[in-house]
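Student: Here the sequence shown stands for residues 1 to 242, numbered as in our numbering.
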Amino acid sequence: LASAIPVVGDTIVTWLWGGFSVDNATLNRFFSLHHLLPFLLVGASLLHLAALHQYGSNNPLGVHSEMDKIASYPYFYVKDLVGWVAFAIFSSIFIFYAPNVLGHPDNYIPANPMPTPPHIVPEWYFLPIHAILRSIPDKAGGVAAIAPVFICLLALPFFKSMYVRSSSFRPIHQGIFWLLLADRLLLGWIGCQPVEAPFVTIGQISPFVFFLFFAITPILGRVGRGIPNFYTENENRSNDYQ
């Protein structure tokens, strides 16, 4: 991906590889990165807990309230512990009894460094990004297409047009959300298919639906408020006094 950057792309690739090709230095760097990431996730979780104690929790309705707060322990602790145990049981079934179910048979074939593999498939969680990347034939264009994906995901919490963040009383937003989920599943399926018709055409249409969600979400925050006007008026009035 870095090689698509003009002028300095090749220099960045050489710096990331630690040489002019993938070698032992490259493997050591990525192994160290994979070893470091879990600790970064733990640190981010601790920051989340600190913010939870500082600013308080949200609620299913998404209504800001300083009165009806719930303590982190035992409610949130037990609630998250139940989800963690359920996930651990579900994942343990694959780990201990069916470790090859989610794998790819080609992984057991010894690699040949001379030819390029005819069909390269990334891990399942990278498949939607891979589908957007290859939806544009040009390499630089594909890299430029996946950059807005991360920008949109990072910008979503900062959309201030939504009086209520919850979708409980916003049927239009619910429909758009399920459309986004279906589009993500479609992108994941397209990402593991060979580069041929009709998968190429579907892969070029699906990213538009994905970006459409983030384009109309601020508008839906104004149109489908789904909450009585007196709350929004009081909220605006309190903001004016502040």
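Ideal placement from N, C-alpha and C gives every residue a C-beta, glycine not left out. Remember, it's a predicted structure, so these values are computed and weren't measured experimentally.
What are the complete alpha helix (DSSP H) segments, minimum 4 residues, inside the region 153 to 188?
Tutor: Within the region 153 to 188, no complete alpha helix (DSSP H) run reaches 4 residues.
Student: According to the neighbour-count rule (16 or more other Cβ atoms, all chains shown, within 10 Å of its Cβ), is D80 buried or exposed?
Tutor: Along the sequence shown, one-based indexing puts residue 80 at 80. Exposed, by the Cβ-count rule.
Student: Quick one, are the C-beta atoms of S135 and G188 less than 8 angstroms apart?
Tutor: Locating residue 135 in the sequence shown gives position 135, where the first residue counts as 1. Locating residue 188 in the sequence shown gives position 188, where the first residue counts as 1. Against a cut-off of 8 angstroms, the Cβ pair of G188 and S135 comes out as no contact.
Student: Can you give me the start and stop residues for the alpha helix (DSSP H) that I205 sits inside?
Tutor: Your numbering for residue 205 matches position 205 in the sequence shown. Note, I205: alpha helix (DSSP H), 199 to 223.
Student: For the alpha helix (DSSP H) that Q54 lies in, which residues bound it at each end?
Tutor: By one-based count along the sequence shown, residue 54 stands at place 54. Taken as a continuous stretch (DSSP letters only), the alpha helix (DSSP H) holding Q54 covers 24 to 55.
Student: Which same chain residues, not among the five before or five after P122, have their C-beta less than 6 angstroms away from its C-beta?
Tutor: Walking along the sequence shown from the start, residue 122 turns up at place 122. Around P122: H130.
Student: Taking DSSP as the reference, what is the three-state secondary structure of E235?
Tutor: Taking the first residue of the sequence shown as 1, we reach residue 235 at position 235. Residue placement at E235 is flagged as unreliable, the pLDDT there being 49, under the threshold of 50; the coordinate-derived value follows with that caveat. Helix, per DSSP.
Student: Ordered along the chain, which non-local residues of its own chain (more than five positions away) have a Cβ less than 6 angstroms from that of L186?
Tutor: By 1-based counting over the sequence shown, the position of residue 186 is 186. If we look at L186 and ignore the five residues flanking it on each side, its Cβ neighbours are S206.
Student: Using the three-state DSSP reduction, which class does A98 fall into: helix, strand or coil?
Tutor: Translated into positions along the sequence shown, residue 98 becomes position 98. Three-state result, A98: coil.
Student: Of all the options I93, W124, I219, which has the alpha carbon lying nearest to the alpha carbon of G191?
Tutor: The residue given as residue 191 occupies position 191 in the sequence shown. Comparing Cα-Cα distances from G191 to each of I93, W124, I219, the minimum goes to W124.
Student: Quick one: grab the DSSP three-state call for V8.
Tutor: For this step, residue 8 is matched to residue 8 along the sequence shown. Of the three classes helix, strand and coil, the one that applies to V8 here is coil, per DSSP.
Student: Rounding to the nearest angstrom, what Cα-Cα distance links L133 and G141 in this structure?
Tutor: Numbered from 1 along the sequence shown, position 133 holds the residue referred to as residue 133. Numbered from 1 along the sequence shown, position 141 holds the residue referred to as residue 141. Taking the straight line from one Cα to the other gives about 8 angstroms.
Student: Three or more C-beta pairs closer than 8 angstroms, one from the region 211 to 225 and one from the region 167 to 179: is that the case here?
Tutor: Result yes; three or more Cβ-Cβ pairs closer than 8 angstroms.
Student: Between which residues of its own chain and S255 is the CB-CB distance below 7 angstroms, once the five residues before and five after are set aside?
Tutor: Any question about residue 255 goes unanswered here, given that the chain covers just 1 to 242.
Student: On the three-state DSSP scale, how would you describe F230?
Tutor: Here residue 230 corresponds to residue number 230 of the sequence shown, with the count starting at 1. Any reading at F230 must be qualified, since the residue scores a pLDDT of 48, below 50, and its modelled position is unreliable; no value is offered.
Student: Taking just the CA atoms, how far does T116 sit from L49?
Tutor: Translated into the one-based positions of the sequence shown, residue 49 becomes position 49. Translated into the one-based positions of the sequence shown, residue 116 becomes position 116. One C-alpha to the other measures close to 46 angstroms.
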